[in-house]
Each structure stands twice: as structure tokens, then as C-alpha cells.
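In my numbering, the protein residues as written are 1278 to 1386.
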């Protein structure tokens, strides 16, 4: 496509600028953020909102389980009361950009 070899040592950011390809990690994080906002704004007790609020048994996690939970990325950006923050759509939207930028920079730089 661009006829670039690994020996050319061109950074991935430069290649993405040229191809205008979206980063899959950023896109996935953005979808996760939107879904979390949607779940937080649900008023009835649907299965999805109950599963999101469930904390599990107390104590350590079993070996082989991930150390971070689904909610941890969201809590890191929006705080522990992220469900209350998500009620304000404008504030939630501004935090979305901060969250996707933070995740992208933590993985690649």
C-alpha cells in the first residue's frame, strides 16, 4: 500500500496520518465509554445495569484472572462516582476524549 519496509524505521503515528486509519484500541475504548454512559443512564433494573453494578465475592481474585475489571478504566478517568457523572451528557462527552487519549498514550509511548 505505502511500500514501506520495517528497515525504513517510520513511526506508526506517521503511517496512520498518511493512511488515515483509525486505531482499533482507541475505537474500542470509545465504544466502551459510550456503552458505560448508556448503562449509567438506565433508569430501570435491566440485566445489563445489574451486572455492571455487581462487585463479586470479597477477597483476592483467583490466579489467572485479570487484575483490572471492566469498570476500572472508567473509574480512573471519571472517578468512583462515574455513574453520577454520566448523567450529565456534556461532561461525559468531554471526559470521553480524555479517556481515549490517556489509553492511547499509555499503550504506545
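By construction, the Cβ of each residue, glycine as well, lies at the ideal position given by its N, Cα and C atoms.
Distance CB(residue i)-CB(residue j) smaller than 9 Å
i            : j            : result
residue 1374 : residue 1314 : no
residue 1279 : residue 1292 : yes
residue 1376 : residue 1306 : yes
residue 1359 : residue 1370 : no
Residues near residue i in its chain [Cβ-Cβ closer than 7 Å; skip 5 each side]
i            : result
residue 1368 : 1362
Environment of residue i [buried if 16+ CB atoms lie within 10 Å]
i            : result
residue 1386 : Its pLDDT being 45, under 50, residue 1386 is placed unreliably in this model, and the value from its coordinates should be taken loosely. So residue 1386 ends up on the exposed side.
residue 1301 : exposed
residue 1331 : exposed
residue 1347 : exposed
residue 1355 : buried
residue 1310 : buried
Integer-rounded CB distance, given that residue j should sit under 8 Å from residue i
i            : j            : result
residue 1364 : residue 1318 : 6 Å
residue 1316 : residue 1296 : No, residue 1316 and residue 1296 are not in contact; Cβ-Cβ is about 34 Å, not under 8 Å.
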